[in-house]
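Structure, as structure tokens:
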Amino acid sequence: MAKRKPKWVLLHRIEDGRNVYLYEPLRKYEIQSRIRKGWKVIESR
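Quick note: the sequence shown uses our numbering, first residue 27, plus one each step.
Below you can see the structure in the form of structure tokens.
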């Protein structure tokens, strides 16, 4: 079996009244972890 490749994901949340965006390669369990920490997925490729 092949390893699961990370997906490039655009994440967003508001910190201290400012919009914060992250665009990085994440695996499925990492994406779920970010969602639990308050990030919202805007786009996934």
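Glycine is no exception: its CB is placed at the ideal position from the N, C-alpha and C atoms.
The structure presented is a predicted model; accordingly, all values stated were derived computationally and were not measured.
Residue j beta carbon less than 8 angstroms from that of residue i
i: Y47; j: W34; result: no
i: R60; j: L37; result: yes
i: G64; j: R39; result: yes
i: R30; j: R62; result: no
Strand pairing of residue i, partner residues [DSSP]
i: Y47; result: H38
i: S70; result: V35
Check: residue i C-beta below 7 angstroms from any heavy atom of the ligand ATP
i: K63; result: The ligand ATP is not part of the structure shown, which contains no ligands of any sort.
8 angstroms Cβ shell around residue i - same chain, five flanking residues per side excluded
i: E56; result: P32
i: K66; result: L37, H38, R39
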